[in-house]
Amino acid sequence: MTSTPTPGDAGRPEPAPVPSGPVLSPRQVQLASAAVFATFVLNGFNFANWAARLPAVRDQLELRPNEMGVLLLLGAIGSLAALPLSGLVVQRLGARRTILTFAVINVVGLLVAATGVALGTTWLVAAALVLFGIGTGVWDAAMNLEGAAVEQALHKAVMPRFHAGFSLGTLAGAGVGALAAWLQAPVVVHLAVALTLSLTGVVISSRWFLPEGTHSETPGSADGAPRRSVFAAWLEPRTLLIGLVVLAAALTEGAANDWVSLAVVDGFGTSNAVGALGFAVFVTAMTGMRFLGTSLLDRWGRIAVLRLSAGLALVGLLVFGLSPWMWLALVGVLAWGAGAALGFPVGMSAASDDPLRAAPRVAVVATIGYSAFLAGPPLLGFLAEHVGYREALLVITIPVVIGLFVLRAAEPLPTAAGARPRD
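Just so we're aligned, residue 3 is where the sequence shown starts under my numbering, counting upward by one.
The structure is reproduced here in structure tokens:
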């Protein structure tokens, strides 16, 4: 079907041919797909074990809401400092070595932070969270790039399933964290056991990644275009608009990751274990929607699915922030989680439509998205100081609405995996 230009087409680069690289057998691609899925699971598992214990961290360090926001900000600073160079790091080290290296940094950062909590030393926790943020950010960008390469090899839009793996990992981590909170296990003991197991899983799964070079940019494309700097993507309008879509999605997801457990505890006067359960409801909704994501994208396309997601997120946030009853607020969390599920993976797929330039574009989009974690925690923490956690979360409806106006930028390029004609 012939289509007419849309606002999202402005500045869109022409599709490039798929770069030459190793010849992959169907078995190699399937094993790589399973390995990437496992890596996403373990990344989410690490994060959720920490996030589920934030009420205990706050209590042990005796932090006010605004102080907690600043502490969470430090992890985002670490990620943002490292993310702009993540595309270059992957091209130099390869996806496998990048993921292994920064998974270790992620784990070390969390273990040192947990030690700081046990010692009651806030400055040690703060420094460790910067290290944790560096490890998390580059690991995240590298596994998304590896996932994009698998998606291109499969010729099918499977990125939502990989992000469903992340959500599945957060669900498992939230469950482990809730159990540890119920048992009143020390944060440092809980994380030492959980993170040792997860790092072992990363080492094992990385053995089946795609061969190095599969997702490398070639010296020049077939049409004679010269190789470009990895920083040139920062000047591409389409890439920047996709980054804005991901920014709105990341704020919607990140606000829940950082604050929903505390909002349930303080907003309804419940225990820390019930707060962790509220976080588990959110990640359960995200997991289910991400498993449905590929089918929804195949049937309706990126733009319709992104509109549905934004609508669900808006409704969920409003219900959670305004409901006087906890059961209805949890229904809002369910809708909120479903609405937050697909923005980030769809944005990563859109940034990777041209495999020759996927690495720098993923780095740009991930950096813009992670800036949500820089702005979100302190803003919500300072607001919560004055109006309460649940009411403060209502401010996230603003970027969700803004994101609705730039969704067309994520329209697939003609050669993208899972591309479908426009209506």
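Glycine included, each C-beta is placed from N, C-alpha and C at the ideal position.
With residue i as the anchor, note down where its alpha helix (DSSP H) starts and where it stops.
i	result
Gly-122	Careful: Gly-122 lies outside any alpha helix (DSSP H) and carries neither H nor E.
Gln-93	88 to 95
Pro-28	28 to 53
Val-72	67 to 84
Leu-63	56 to 63
Val-403	399 to 406
Glu-393	391 to 394
Please report how far the alpha carbon of residue i lies from the alpha carbon of residue j, in whole angstroms.
i	j	result
Pro-188	Gly-171	21 Å
Asp-116	Leu-193	The question names Asp, yet the displayed sequence has Ala at residue 116. Computed Cα separation, rounded: 7 Å.
Glu-64	Ala-275	18 Å
His-165	Thr-272	30 Å
Arg-29	Gly-139	30 Å
Leu-2	Ala-180	As displayed, the chain neither begins before 3 nor continues past 425, which places residue 2 out of reach and without an answer.
Leu-415	Ala-340	26 Å
Arg-240	Val-195	43 Å
Glu-387	Ala-394	9 Å
Phe-322	Asn-68	21 Å
Val-31	Ile-370	30 Å
Asp-61	Thr-124	12 Å
Ala-18	His-157	Confidence in Ala-18 is poor, its pLDDT being 41 and thus under 50, which makes the residue's placement unreliable; the coordinate value appears in the next sentence. Roughly 15 Å separates the two Cα atoms.
Gly-405	Ala-250	6 Å
Asp-300	Val-160	10 Å
Leu-381	Gly-71	8 Å
Leu-396	Ala-40	34 Å
Leu-409	Leu-308	7 Å
Val-207	Gln-186	The residue you asked about is not Val; residue 207 is Ser in the sequence shown. One C-alpha to the other measures close to 32 Å.
Val-43	Gly-390	32 Å
Ser-297	Ser-35	17 Å
Leu-2	Leu-385	The requested residue 2 is not part of the displayed model; the chain covers only 3 to 425.
Ala-120	Ser-325	36 Å
Ala-54	Val-25	43 Å
Met-291	Leu-344	8 Å
Trp-327	Val-333	10 Å
Thr-289	Leu-314	15 Å
Ala-235	Phe-211	26 Å
Secondary structure at residue i, three-state DSSP: helix, strand or coil?
i	result
Asp-300	helix
Gly-222	Summary for Gly-222: the model assigns pLDDT 43, below 50, so the residue's position carries little reliability; its value from the coordinates is reported in the next sentence. The answer is strand: DSSP assigns Gly-222 an E or B state.
Ala-159	coil
Gln-186	coil
Trp-327	coil
Thr-272	coil
Leu-344	coil
Phe-233	coil
Asp-260	helix
Phe-211	coil
Pro-239	helix
Leu-113	helix
Val-283	helix
Pro-414	coil
Asp-356	coil
Val-25	coil
Comparing alpha-carbon positions, which option in the options lies nearest residue i?
i	options	result
Val-190	Glu-255, Gly-122 and Ala-174	Gly-122
Ala-287	Val-335, Gly-303 and Leu-74	Val-335
Ala-143	Leu-396, Val-403 and Ala-361	Ala-361
Arg-363	Ile-244, Val-267, Leu-264 and Ser-207	Ile-244
Asp-356	Ala-412, Leu-44, Ser-297 and Ala-258	Ala-412
Gly-295	His-157, Leu-310 and Pro-401	Leu-310
Arg-94	Val-333, Phe-407, Glu-214 and Val-266	Glu-214
Leu-279	Ala-182, Leu-102 and Ser-81	Ala-182
Gly-383	Leu-85, Trp-261 and Leu-320	Trp-261
Val-283	Ser-200, Val-152 and Gly-318	Gly-318
Leu-312	Leu-74, Pro-86, Val-247 and Ala-331	The question names Leu, yet the displayed sequence has Ala at residue 312. Taking only the C-alpha atoms, the option nearest Ala-312 is Val-247.
Ile-400	Leu-253, Ser-351, Asp-268 and Ala-331	Leu-253
Val-178	Arg-98, Phe-211, Gly-46 and Val-204	Gly-46
Thr-100	Val-205, Leu-74 and Phe-168	Val-205
Trp-331	Phe-346, Val-38 and Ala-258	Checking the sequence, you will find Ala at residue 331 rather than Trp. Among Phe-346, Val-38 and Ala-258, the Cα nearest to that of Ala-331 is on Ala-258.
Ser-88	Asn-48, Arg-359, Ala-155 and Val-366	Val-366
Thr-202	Leu-358, Asn-48 and Pro-347	Asn-48
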